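Participant:
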Amino acid sequence: MRLFLALTFAPPLQEDVAEATRSLREALPALAWVSAPRLHLTLKFLGEVEPGAVDAIRTASEHAVRAARAHEVTIGGVGAFPNLRRPRVVWMDMHDTAQLIGIATALDQAVAVLGVPAETRPFRPHVTLARVKVPLTTSQGTVLAQRAAEIRVRLRVPVHEVALMQSSLGTGGPRYDVLATFPLQGH
6 MRLFLALTFA PPLQEDVAEA TRSLREALPA LAWVSAPRLH LTLKFLGEVE
56 PGAVDAIRTA SEHAVRAARA HEVTIGGVGA FPNLRRPRVV WMDMHDTAQL
106 IGIATALDQA VAVLGVPAET RPFRPHVTLA RVKVPLTTSQ GTVLAQRAAE
156 IRVRLRVPVH EVALMQSSLG TGGPRYDVLA TFPLQGH
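For my numbering, count along the sequence shown from 1 and bump the result up by 5.
1) Are there 16 or more other CB atoms within 10 angstroms of the CB of Pro4, so buried, or fewer, so exposed?
2) Taking the alpha helix (DSSP H) that His192 belongs to, which residues open and close that run?
3) So, at 6 Å on beta carbons, what are the nonlocal neighbours of Glu55 in its own chain, with the 5 sequence-adjacent residues on each side left out?
4) Give me the Cα-Cα distance between Ala117 and Asp182, rounded to the nearest whole angstrom.
5) Looking at Ala135: is its Cβ nearer than 9 Å to the Cβ of Val95?
6) Select from Leu51, Arg152, Ala103 and Ile62 the residue whose C-alpha is nearest the C-alpha of Ala75.
7) According to the Cβ coordinates, are Arg90 and Ala150 closer than 9 Å?
8) Work out the CA separation of Ser144 and Ile108 for me, nearest whole Å.
9) Buried or exposed: which applies to Ala15, given that a residue is buried once 16 or more other Cβ atoms fall within 10 Å of its Cβ?
10) Could you spell out where the beta strand (DSSP E) holding Ser173 opens and where it closes?
11) List the residues that DSSP assigns as beta-bridge partners of Glu53.
12) Just to confirm, are Val83 and Asp98 a CB contact at a threshold of 9 Å?
13) Under 9 Å between the Cβ atoms of Leu8 and Ser172?
14) For Arg161, verify whether its CB is less than 8 Å away from any heavy atom of the ligand GDP.
15) Could you check the C-alpha separation between Leu160 and Ala37 for me, to the nearest Å?
16) Kindly identify the DSSP beta-bridge partner or partners of Val94.
Printed below as a string of structure tokens:
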């Protein structure tokens, strides 16, 4: 089973993100854009997990977020890894993320005890918008940078639970199923 821990978005927020980035999608249709129903924030990618380990992951994750409080973050601004001129991943940035980073760190530590490799890079909260399969031309990179700079939307995102998700790869792209949710305090 291919699993990850995530902050899921309600459909209206997913549509708001898709609408805010429409000019990018239209200008660069060759990128592998994430469809609105698949938009989320990955807190910890677990990779391939044996079905027998799911209960331990569920328990560890629930304990890891038990003390975390419900709060809000803001998403807005578009960037890319490693940069907008030569992107591999195009993303929407997140702001006011100190609590969210704490949750991601707690989850990483909790599942590391179970044998899931710990993260070696600092957690950078973002919403993946697209993956770049073929390197962009110089002009496409310029278009991406210009259009990204024009996107000034700020959207509020409630953080009230963490979801354990399963990703199933298929011909129409990945399908995400929620296996469990872990509510935060105050929700």
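Backbone N, C-alpha and C fix where the C-beta goes; we use that ideal spot for every residue, glycine too.
Treat the numbers as computed from the prediction; the structure is a model and nothing was measured.
Facilitator: Answer, in terms of the structure:
1) Within the shown structure, residues of the chain are numbered from 6 to 192, placing residue 4 beyond reach of any answer.
2) Here residue 192 refers to the residue found at position 187 of the sequence shown. That residue, His192, is in no alpha helix (DSSP H); it is neither H nor E in DSSP.
3) Residue 55 sits at position 50 when you count from the first residue of the sequence shown. Here the set comprises nothing.
4) As a first step, residue 117 must be located in the sequence shown, where it is residue number 112. As a first step, residue 182 must be located in the sequence shown, where it is residue number 177. Distance between the alpha carbons of Ala117 and Asp182 is about 23 Å.
5) Residue 135 sits at position 130 when you count from the first residue of the sequence shown. Residue 95 sits at position 90 when you count from the first residue of the sequence shown. Result yes, Cβ atoms of Ala135 and Val95 sit closer than 9 Å.
6) The count along the sequence shown starts at 1 and reaches residue 75 at position 70. The shortest C-alpha separation from Ala75 is found at Ala103.
7) Translated into the one-based positions of the sequence shown, residue 90 becomes position 85. Translated into the one-based positions of the sequence shown, residue 150 becomes position 145. Taking 9 Å as the Cβ cut-off, Arg90 and Ala150 qualify as a contacting pair.
8) For this step, residue 108 is matched to residue 103 along the sequence shown. For this step, residue 144 is matched to residue 139 along the sequence shown. Going by the C-alpha atoms only, they are around 39 Å apart.
9) Within the sequence shown, the letter at position 10 stands for residue 15. Exposed is the call here.
10) Residue numbering aside, residue 173 sits at position 168 when the sequence shown is read from its first letter. Where Ser173 is concerned, the enclosing beta strand (DSSP E) stretches over Glu166 to Ser173.
11) Taking the sequence shown and counting its residues from 1, the one referred to as residue 53 is at position 48. Glu53 pairs with Arg7.
12) Position 78 of the sequence shown, counted from the start, is the residue given in the question as residue 83. Position 93 of the sequence shown, counted from the start, is the residue given in the question as residue 98. Yes.
13) As a working note, residue 8 is residue 3 in the sequence shown. As a working note, residue 172 is residue 167 in the sequence shown. In this structure, Ser172 lies closer than 9 Å to Leu8 by Cβ.
14) No copy of the ligand GDP appears in this structure; indeed no ligand is present at all.
15) The sequence position of residue 160 within the sequence shown is 155, counting from 1. The sequence position of residue 37 within the sequence shown is 32, counting from 1. Cα-Cα distance, rounded: 23 Å.
16) In the sequence shown, residue 94 corresponds to position 89, counting from 1. The partner list for Val94 (beta bridge, DSSP) reads Phe86 and Arg136.
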